[in-house]
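Residue numbers (the numbering used here): 55 to 185.
Below is the structure:
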């Protein structure tokens, strides 16, 4: 009887440990995804509103660099998704945002300028519908 009780208690302990491990993994995943979101916010907050809302279509100087950095971040996000490092829920948010931003003429002009010279193959595949 004592042996059975100890087996049950051990099993409960193992199940609890597995649950805690899953919770810890979920927290780490969320923190990782949030760090990528923070990179996005740092870039976007420095792009002029007129560019973001489509009133200004010409990206020059620092704004051009910021849009390139955004495109590079998109490429990284797509890469991370392709390696199953991003949750489906977060990917849905990111992919819809990428599609929306790349309808912006200023973003498109920078993309057109750099697509052949920059190594943004995951973004190129995404835009071709391969994700």
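Think of the CB as a built atom: it goes at the ideal place given N, C-alpha and C, for glycine as much as any other residue.
Discussion item. Taking the alpha carbon of residue 153 as the reference point, which residue from 183, 79, 133 and 102 has its own alpha carbon closest?
Written reply: Looking at the Cα atoms, 183 is the closest of the given residues.
Worksheet entry | CB contact flag (residue 125, residue 174, <8 angstroms) | Taking 8 angstroms as the cut-off, the beta carbon of residue 125 is found closer than this to the beta carbon of residue 174.
Worksheet entry | Length of the line joining the Cα atoms of residue 84 and residue 114 | Those two C-alpha atoms are separated by around 35 angstroms.
Worksheet item: When we look at the beta-carbon of residue 143 and count the other beta-carbons within 10 Å, is it buried (16 or more) or exposed?
Response: Under the 10 Å beta carbon count, residue 143 is surrounded by fewer than 16 other beta carbons and is classified as exposed.
Practice prompt. Go ahead and pull the three-state DSSP assignment for residue 183.
Written response: Coil at residue 183, not helix or strand.
Worksheet entry | Option in 80, 150 and 185 with minimal Cα separation from residue 136 | Ranking the options by Cα distance to residue 136, first place goes to 185.
Worksheet item: In chain order, which alpha helix (DSSP H) runs of at least 4 residues are fully inside the stretch 56-140?
Response: Secondary structure remark: continuous alpha helix (DSSP H) runs of at least 4 residues inside the stretch 56-140, in chain order: 56-98, 103-106 and 115-136.
Fill in: Contact under 8 angstroms by Cβ, residue 101 with residue 75
With respect to residue 75, residue 101 sits apart: the two C-beta atoms are not nearer than 8 angstroms.
Worksheet entry | Chain-order list of residues whose beta-carbon lies under 6 angstroms from that of residue 111 (same chain, five-residue window excluded) | The answer, listed in chain order, is 159 and 160.
Discussion item. Tell me the residue span of the alpha helix (DSSP H) that contains residue 19.
Written reply: Since the first and last residues shown for the chain are 55 and 185, residue 19 lies out of range.
Worksheet entry | Under 8 angstroms between C-beta atoms of residue 140 and residue 87 | Going by C-beta atoms, residue 140 is nearer than 8 angstroms to residue 87.
Discussion item. Residues in the same chain with beta-carbon distance under 7 angstroms from residue 145, minus the five sequence neighbours each way, listed in chain order, please.
Written reply: Same-chain partners within the cutoff: 135.
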